[in-house]
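Numbering (my numbering), first residue to last: 26 to 106.
For glycine and all other residues, C-beta sits at the position ideal for the given N, C-alpha and C.
Values in this document were obtained by computation on a predicted structure and should not be read as measured data.
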């Protein structure tokens, strides 16, 4: 009695896996895109809140003065609240 799989059985499994992957990959790609978009929205809201807190705290604050060096302090202040 022989043990093992025939070539036809192996090819059938490969075809089934290919079909499953062809169906699943676009859905997974959409989920990844949606999560990136959601993360961007959350980060943008956090930045806007940080700017608003700084504006309320400092009357002379100009949002155009924000740069790469001081944005972290604004965000850290917002997160601590």
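Between residue i and residue j, what straight-line distance do the alpha-carbon atoms span, to the nearest angstrom?
i, j, result
"residue 64", "residue 29", "49 angstroms"
"residue 106", "residue 78", "Reliability fails at residue 106, whose pLDDT of 49 lies under 50, so the model's placement of it is uncertain and no value is given."
"residue 61", "residue 67", "10 angstroms"
"residue 84", "residue 69", "22 angstroms"
Let me know the secondary structure DSSP gives residue i once reduced to three states.
i, result
"residue 65", "helix"
"residue 58", "helix"
"residue 85", "coil"
"residue 29", "coil"
"residue 92", "coil"
Comparing alpha-carbon positions, which option in the options lies nearest residue i?
i, options, result
"residue 93", "85, 72 and 81", "72"
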